[in-house]
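Undergrad: One line per chain: the protein sequences are A and B, in this order. Those letters in the first sequence? Residues 0 to 387, per numbering that gives the first Met the number 0, in order. Those letters in the second sequence? Residues 0 to 258, per numbering that gives the first Met the number 0, in order. The following block contains the structure, expressed as structure tokens.
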Amino acid sequence: MDLDLSPEHSLLRDTLRDFLANEVAPVIDEHERARRFPTEVVSKLGPMGLLGIPYPEEEGGAGLDTLAYAIAVEEISRVWGSLGIIVAAHTSLGCGPLHVAGTPEQKERYLVPMAQGKVIGAYGLTEPEAGSDSGGTRTTATHQGGPDGGVWILNGGKRFITNAGQAGTYVVTARTGTREDGSAEISAFILDADTPGFKVGRLEEKMGLHASATGELFFEDCCVPANQMLGPRGGGWRTFLQILDGGRISIGAMALGLAQAALDASTIYARERRQFGRPIGSFQGVAFMVADMATDVEAARQMVYRAAWLKDQGRDYGLAAAQAKLFASEVSKRATNDAIQVHGGYGYIEEYKVERYLRDAKLTELGEGTSQIQRLVIGRKVLDLRVV
Amino acid sequence: MRILVLLKAVPVVGTERLDDALRTDRSVALEANGNDEYVLEAALKLTEAHGGEVTLLSVGPPGAMDPLRKALAMGATRAVHVADEAMRGSCYVGTARVLEAALRRLEYDLVFAGADTSDGQGGVIAPALAARLGLPYLSYASRIEPAPDGRTVTIRRLRPGGYDVLEAPMPALVMGTQVLGEPRYPSLRGIMQARNKEIRTWTLADLGLDARSVGAGAATTRVLRAEPPAQRAGATIIREAPETAVAQVIDLLAARRLI
């Protein structure tokens with residue numbers, strides 16, 4: 000058993016730390032304050048290979064593994080949660096379905112430019128009436144015959160879509176029929192941003208992650224060629240479950256990075272800030288908070304890395320990913336909240352950044368399955384019962 | 000074109016400390032000397048534009064492997080690492096002796112060295128090597144241009160208020176500055192490719208050197224004492240809004256008769 004990172008993973012981490020400190024950290028505040036998507040920063044990620052980390056080179060990726068990807072999302076989120084979710088949503092949700100279910104032609108046309116970072120990707124699953132209950136998808140796709148297999152006409156809308164308006168390629172799910180048991184037949188489609196009948200609606204004003212774009216998608220008689228169906232008809236559900244399993248690792252990594260940032264800030268502050276003539280970290284009340292944060296963060300890291308490692312080994316990682324996501328996100332909320340407590344009044348001030356960490360960390364308990372959904376997934380796997 | 004880049008593994012800047020013998024402790028985490036990365040970048044750009052390969056040469060402890068891997072990930076072709084416990088405590092003469100022996104076993108058209116190192120600043124290794132190997136020595140380069148025929152190299156050498164343009168036949172040794180341009184970050188693809196690149200490890204025996212000719216025993220100089228810089232007086236930090244702060248700074252400087 001070797002718990003050390005490989006030289007490549009260490010080098011990736013060190014390179015990212017350099018890059019983030021020099022090229023990214025100086026521009027965070029201005030983007031967060033203006034709620035502006037960091038187009039320039041994102042454009043630097045592609046050439047470095049950071050927008051297709053776990054995909055093979057022939058698919059435009061960097062050819063690294065899930066562990067490398069998790070480390071990257073962790074390090075990015077440690078510096079900037081907004082950038083973390085932009086990369087995670089693009090990589091896991093945008094590129095992921097194409098990697099898993101794309102035909103060679105679809106991969107060549109869509110995945111390669113995305114994994115190279117030339118085109119940003121987004122995944123449209125959530126709808127106003129279909130959040131945790133994705134089976135409640137109302138967006139429809141109706142087939143119309145014609146040359147080359149005809150077209151699918153999409154109608155409906157999506158909500159809370161990360162990278163909305165920034166993406167050039169969207170993968171969206173829609174009902175293509177009803178199964179014999181009455182459940183929805185869900186299929187996935189690849190959509191160019193400029194497809195007639197497709198438009199991006201309102202961008203949300205969020206509690207945190209202010210520099211990431213989250214918005215609505217609308218389809219109004221949106222016409223998609225049949226060869227842009229992703230995976231087999233009715234296969235959207237399967238693909239989506241697979242993608243969410245992987246996506247949970249990246250949200251776990253994002254939560255981990257934010258928790259680590261909270262710990263880093265608290266450690267420095269507890270050593271430097273003096274009250275009653277001594278560093279506040281020398282009072283048990285503060286020291287124990289930092290000790291718990293450090294312990295939680297380490298446990299979360301082991302869980303996230305292990306889930307990534309299982310995936311890289313080609314083993315079943317669904318349970319590990321749900322556990323890692325659940326644990327890391329709850330650690331993240333706790334650690335970022337405690338970081339404010341360690342900072343006292345200063346923690347409530349924007350300049351000290353820890354309040355941003357808490358606002359950003361809260362998302363990790365909601366996105367890609369709420370904590371309740373994770374417990375459902377874990378409960379079902381552990382008990383082998385249909386827990387509802 | 001074959002460019003050989005001398006790369007020194009130094010303690011991560013800011014973490015330097017001395018060992019019991021008052022020498023820089025190099026058992027800590029090491030990184031490539033900053034200036035060496037600038038000449039590496041110049042070497043990579045030249046070979047990308049004109050073809051050729053970049054070989055790294057580093058003399059140092061096992062920890063030098065990490066910065067060598069990073070330099071390979073940036074795009075260098077191969078690395079040669081001279082590591083031998085007997086070298087510990089070498090003075091500049093001993094280090095130059097080892098590097099000279101290694102260079103005599105390698106092929107190159109140009110040798111690049113950084114202007115100085117963050118942990119030593121003796122500034123003598125590059126010129127000493129040029130002297131020992133009989134190579135033209137071009138220092139403080141801000142631009143390096145090999146001639147298309149591969150026979151000469153032209154550099155701009157910085158001097159106060161401008162630069163000189165110098166030419167020398169190749170092979171030559173060029174000591175470069177940060178004006179050459181910012182080093183790149185390794186790409187992820189570069190990191191993966193570096194896994195399969197050659198890192199040759201040589202000992203003193205491989206170089207035909209007698210262990211007694213280097214190391215602490217053969218050192219021509221001895222460190223008697225090492226003193227930290229004198230403590231500076233506490234800084235005054237002004238945190239007011241600019242309009243108030245400016246007035247306060249002016250008062251402060253005026254009170255000390257600095258303006």
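Don't be surprised by glycine CBs; every beta carbon is placed ideally from N, CA and C.
Check the Cβ-Cβ distances between residue 287 (chain A) and every residue of chain B, and say whether any is below 8 angstroms.
TA: No, because no Cβ of chain B sits closer than 8 angstroms to the Cβ of residue 287 (chain A).
Undergrad: If distances are taken between C-alpha atoms only, which option among A:361, A:305 and A:322 comes closest to residue 0 (chain A)?
TA: Measuring from the Cα of residue 0 (chain A), the nearest candidate turns out to be A:305.
Undergrad: Please classify residue 226 (chain A) as buried or exposed, where buried requires at least 16 neighbouring CB atoms within 10 angstroms.
TA: Label assigned to residue 226 (chain A): exposed.
Undergrad: Have a look at residue 110 (chain A) and residue 5 (chain B) and give me their C-alpha separation to the nearest angstrom.
TA: One C-alpha to the other measures close to 40 angstroms.
Undergrad: Is the region 361 to 381 of chain A touching the region 312 to 321 of chain A, taking contact as three or more C-beta pairs under 8 angstroms?
TA: Yes, since at least three Cβ pairs between the region 361 to 381 of chain A and the region 312 to 321 of chain A fall closer than 8 angstroms, the two stretches touch.
Undergrad: Looking at chain B, is there any beta carbon in it that lies within less than 8 angstroms of the beta carbon of residue 14 (chain A)?
TA: Yes, residue 14 (chain A) lies at the interface with chain B (some Cβ there is under 8 angstroms from its Cβ).
Undergrad: Name the one or two DSSP bridge partners that residue 80 (chain B) has.
TA: Answer is B:57 and B:200.
Undergrad: If you reduce the DSSP assignment to three classes, tell me which class residue 262 (chain B) lands in.
TA: Residue 262 (chain B) cannot be examined here, being either before or after the span of chain B that is shown, 0 to 258.
Undergrad: By the criterion of Cβ-Cβ separation under 9 angstroms, what are the contact partners of residue 329 (chain A) in chain B?
TA: None at all; the shortest Cβ gap to chain B is about 31 angstroms.
Undergrad: Could one say the Cβ of residue 72 (chain B) lies closer than 8 angstroms to chain A's Cβ atoms, at least one of them?
TA: By this cut-off, residue 72 (chain B) is an interface position.
Undergrad: Mapping DSSP to helix, strand and coil, what is residue 71 (chain A)?
TA: The answer is helix: DSSP assigns residue 71 (chain A) an H, G or I state.
Undergrad: Indicate the three-state DSSP secondary structure (helix, strand or coil) for residue 181 (chain B) in the structure shown.
TA: In this structure, residue 181 (chain B) counts as coil in the three-state DSSP scheme.
Undergrad: Check each candidate in B:224, B:223 and B:23 and name the one with the smallest Cα separation from residue 117 (chain B).
TA: Taking only the C-alpha atoms, the option nearest residue 117 (chain B) is B:23.
Undergrad: Assign residue 381 (chain A) to one of two classes, buried (16 or more other C-beta atoms within 10 Å of its C-beta) or exposed (fewer than that).
TA: By the 10 Å Cβ count, residue 381 (chain A) comes out exposed.
Undergrad: Please return the same chain residues whose Cβ sits closer than 8 angstroms to the Cβ of residue 271 (chain A), not counting the five positions on each side in sequence.
TA: Answer for residue 271 (chain A): 278, listed in chain order.
Undergrad: Could you give the residue range of the alpha helix (DSSP H) that holds residue 191 (chain A)?
TA: Here residue 191 (chain A) belongs to no alpha helix (DSSP H); instead the beta strand (DSSP E) covers 183 to 191.
Undergrad: Can you tell me which of the three DSSP states residue 236 (chain A) falls into?
TA: Residue 236 (chain A): helix per DSSP, three-state reduction.
Undergrad: For residue 81 (chain A), which three-state DSSP category applies?
TA: Here residue 81 (chain A) sits in helix by DSSP.
Undergrad: May I have a chain-ordered list of the alpha helix (DSSP H) segments no shorter than 4 residues that lie completely inside the region 308 to 347 of chain A?
TA: Counting whole runs of 4 or more residues, the region 308 to 347 of chain A contains the alpha helix (DSSP H) stretches 317 to 342.
Undergrad: So the alpha helix (DSSP H) residue 49 (chain B) belongs to, where does it begin and stop?
TA: Residue 49 (chain B) -> alpha helix (DSSP H) spans 33 to 49.
Undergrad: Residue 89 (chain B): buried (16+ other C-beta within 10 angstroms of its C-beta) or exposed?
TA: It is buried - the Cβ of residue 89 (chain B) has at least 16 other Cβ atoms within 10 Å.
Undergrad: Report buried or exposed for residue 298 (chain A), applying the criterion of at least 16 other Cβ atoms within 10 angstroms of its Cβ.
TA: Per the 10 Å Cβ criterion, exposed.
Undergrad: Given a limit of 7 angstroms on CB to CB distance, which residues of the region 181 to 194 of chain B reach chain A?
TA: Listed in sequence order: 184, 185, 186, 187, 188, 190, 191 and 194.
Undergrad: Does DSSP put residue 96 (chain A) in a helix, a strand or coil?
TA: Note: residue 96 (chain A) maps to helix in three-state DSSP.
Undergrad: What does residue 3 (chain A) touch in chain B if you count any residue whose Cβ is under 8 angstroms from its own?
TA: Going along chain B, no residue has its Cβ under 8 angstroms from residue 3 (chain A), so there is no contact; the nearest lies around 13 angstroms.
Undergrad: In whole angstroms, what is the alpha-carbon distance linking residue 133 (chain B) and residue 151 (chain B)?
TA: Each residue's Cα considered, the two are about 16 angstroms apart.
Undergrad: According to DSSP, simplified to helix, strand and coil, what is residue 109 (chain A)?
TA: Note: residue 109 (chain A) maps to helix in three-state DSSP.
Undergrad: Less than 8 angstroms separating the beta-carbons of residue 360 (chain A) and residue 331 (chain A)?
TA: Yes.
Undergrad: Residues in its own chain within less than 7 angstroms of residue 92 (chain B) by CB, not counting five upstream and five downstream?
TA: Counting only Cβ-Cβ distances below 7 angstroms, and skipping sequence neighbours, we find 219.
Undergrad: To the nearest angstrom, report how far apart residue 99 (chain A) and residue 191 (chain B) are at their CA atoms.
TA: One C-alpha to the other measures close to 23 angstroms.
Undergrad: Taking the alpha carbon of residue 95 (chain B) as the reference point, which residue from B:221, B:81, B:107 and B:155 has its own alpha carbon closest?
TA: Closest option to residue 95 (chain B), Cα to Cα, is B:81.
Undergrad: How about residue 97 (chain A) and residue 229 (chain A): are their beta carbons less than 8 angstroms apart?
TA: The answer is yes: Cβ separation under 8 angstroms.
Undergrad: Residue 68 (chain B) touches chain A at which residues, Cβ-Cβ below 7 angstroms?
TA: Near residue 68 (chain B) (Cβ distances below 7 angstroms), the residues of chain A are 6 and 10.
Undergrad: Exposed or buried, which one is residue 341 (chain B) when buried takes at least 16 other CB atoms within 10 Å?
TA: Since the first and last residues shown for chain B are 0 and 258, residue 341 (chain B) lies out of range.
Undergrad: Out of A:232, A:35 and A:155, which one is the CA nearest neighbour of residue 196 (chain A)?
TA: Closest by alpha carbon: A:155.
Undergrad: Could you tell me the alpha carbon to alpha carbon distance between residue 389 (chain A) and residue 5 (chain A), rounded to whole angstroms?
TA: Residue 389 (chain A) is absent from the model: chain A starts at 0 and stops at 387.
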